[in-house]
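Read the structure below first, then the notes.
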Amino acid sequence: MQALLGRRALSVAALSVLARPGLAQTDAAVWPNRPVRLIVGYPAGGSTDICARILAEDFRTHLPQPMVVENRTGANGSLGAAHVAAATDGHTLLVSNTSTMTVNHLLYRDTRYHPLRDLVPVATITISPFILVINPRNPRTQGVRTLQDLIALARRQPQRVTYASAGVGNLQHLHMEQLLAVADAHMLHVPYRGSSVATNAMVAGEVDVLLDTPTTGGPLIQAGTFSALATTGETRWRELPEVPTVKEAGYPDFTAVFWNGLVAPASTPPELVQRLYGMMQAAAKSPTARPPLLTQGDIFVLDPMRFRERIAADIERNAMAIKAAGIEMQ
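Quick look at the structure:
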């Protein structure tokens, strides 16, 4: 079914190219003939922005024109994605992530793009798990050393244990609800306005639990500010080899990951998509790009078709999570 969806989406993209002949006639062999804009829908300093800047620096070694990172922030990355979806110059690309490509259009009525109709996936570049953390100085979670301890506490006190997220419908929210469902437990959700605010709330002891990312949570774990109970990938996170996965902790049906990837307007010619994919493969192996990319997650390069299938599968999973959590479109 996913492969069929992928082929249909590719057909839609092909029709879009025919409808915009100026882009269809772009010669991938001589591209670019002007500066390339690499759009990021998030502020500078986050994981997606960092990946974009690493890629831009590496791509410059392959291109005769400059590549400039441009942050167009707002609406959880939707403004940047919509800008790229509407671009007609053939020189505007998007570095995006799981949230922008698989959640936003399910939650927000005013989202001005569909991730599989208006954009064409080029390649993923990094993937990382989430880390389930507590604040060891929080008196409400004293004695919690493992995920099993936390679930037992939540079952005993279902109206007292709280977890933070970056907002209603955010991946932290959806994945926590998925975890609680498989664990048959309940916690109170406390949404904040952004991931940094949620992290600060955890540091201050306002809430008890957070599903954090390695980028923000890793340094706080190393500093002793947070304690890691579990990671959410298929295997243990290489930076925290002593921390078990959720699967190892007794919930084999649960995994959750966060990816970054390169996306282009749907009208981008297939030859150019393949050329960009080749550049992503080169960046993943580059001695200058690979080390900093590894600070943002494991190197994970899916080709355009497999990336499209991954997006479709994640959309399906997140749509089910939104429905199960009773989250209404805003």
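Letter by letter, the sequence shown follows residues 2 to 331 of the numbering used here.
Idealized CB from N, CA, C, for every residue including glycine.
What would DSSP say about residue i, mapped onto helix, strand or coil?
i: G1; result: As displayed, the chain neither begins before 2 nor continues past 331, which places residue 1 out of reach and without an answer.
i: T330; result: The sequence shown places Met at residue 330, not Thr. Note: M330 maps to coil in three-state DSSP.
i: Y164; result: strand
i: L24; result: In this predicted model, L24 has a pLDDT of only 45, less than 50, meaning its place in the structure is not dependable enough to derive any value.
i: A246; result: Just to set this straight, residue 246 is Thr in the shown sequence, not Ala. Reduced to three states, the DSSP call for T246 is strand.
i: E58; result: helix
i: L303; result: coil
i: D315; result: helix
i: S12; result: Low confidence applies here, because S12 scores a pLDDT of 48, under 50, leaving its location unreliable; read the following figure in that light. Helix.
i: S48; result: helix
i: L241; result: coil
i: P122; result: strand
i: E235; result: coil
i: F308; result: helix
i: D351; result: Past the edges of the chain, shown from 2 to 331, lies residue 351, and the structure says nothing about it.
i: L19; result: The pLDDT assigned to L19 is 43, lower than 50, so where the model puts this residue is not dependable, and the model offers no usable value.
i: G219; result: helix
i: T142; result: helix
i: A325; result: helix
i: A4; result: Confidence is the limiting factor: at A4 the pLDDT is only 44, short of 50, which leaves the residue's position unreliable and the question unanswerable from this model.
i: A320; result: helix
i: P293; result: helix
i: Q149; result: helix
i: A53; result: helix
i: A30; result: coil
Can you tell which of the options has its C-alpha closest to the C-alpha of residue i?
i: I328; options: V104, V41 and L94; result: V104
i: G91; options: R138, R35 and P130; result: R35
i: P271; options: A205, H190, T49 and V121; result: V121
i: R239; options: P130, L273 and A29; result: P130
i: I40; options: V302, Y278 and G262; result: G262
i: L181; options: A320, S197, V204 and L211; result: L211
i: L303; options: Q275, T216 and H106; result: Q275
i: E235; options: F227, P245 and T226; result: P245
i: R309; options: H187, A165, A284 and M102; result: M102
i: T200; options: T214, W260 and M188; result: T214
i: Q158; options: G170, R141 and H174; result: R141
i: R311; options: F259, A265, M280 and L172; result: F259
i: S196; options: L221, A205, V208 and A167; result: A167
i: T216; options: L56, H115 and Q297; result: Q297
i: R161; options: L80, H174 and V208; result: V208
i: S287; options: F60, I316 and D111; result: F60
i: T62; options: I135, H176 and A290; result: A290
i: Q173; options: T226, A326 and A285; result: A326
i: A284; options: A57, H106 and S48; result: A57
i: V69; options: S97, E317, R38 and T49; result: R38
Thinking C-beta only, is residue j closer than 8 Å to residue i?
i: L1; j: A250; result: This structure cannot speak to residue 1, because the chain is shown only from 2 to 331.
i: V247; j: L148; result: yes
i: L95; j: A82; result: yes
i: S100; j: G78; result: yes
i: M188; j: A155; result: yes
i: V123; j: V264; result: yes
i: A186; j: I152; result: yes
i: A88; j: P266; result: yes
i: T163; j: V191; result: yes
i: Y114; j: A86; result: yes
i: F301; j: I55; result: no
i: P33; j: L64; result: yes
i: T269; j: T233; result: no
i: R138; j: G46; result: no
i: L175; j: N319; result: yes
i: V134; j: I51; result: no
i: E178; j: A322; result: yes
i: M281; j: R110; result: no
i: D299; j: I128; result: yes
i: F227; j: N136; result: yes
i: L273; j: A29; result: yes
What residues match up with residue i in a beta bridge as DSSP calls it?
i: R38; result: V69 and T93
i: I135; result: V210 and S228
i: I1; result: Any question about residue 1 goes unanswered here, given that the chain covers just 2 to 331.
Looking at residue i and the ligand SAM, is the gap between the Cβ and the nearest heavy atom below 7 Å?
i: M203; result: Only the bare structure without any ligand can be found here, which leaves the ligand SAM out of the picture.
Examine chain D for any beta-carbon lying closer than 8 Å to the beta-carbon of residue i, and answer yes or no.
i: L263; result: Here chain D cannot be found, since the structure has a single protein chain.
List, from N- to C-terminal side, the beta strand (DSSP E) runs of 3 residues or more that fit wholly inside the stretch 161 to 217. 163 to 166, 189 to 192 and 210 to 213
Considering only residues of the stretch 55 to 116, which uninterrupted alpha helix (DSSP H) runs meet the minimum length of 4 residues and lie entirely inside it, listed in chain order? 79 to 86, 99 to 103 and 105 to 108
Ranges of the alpha helix (DSSP H) found wholly within the stretch 261 to 290, counting only runs of at least 4: You should have 271 to 286.
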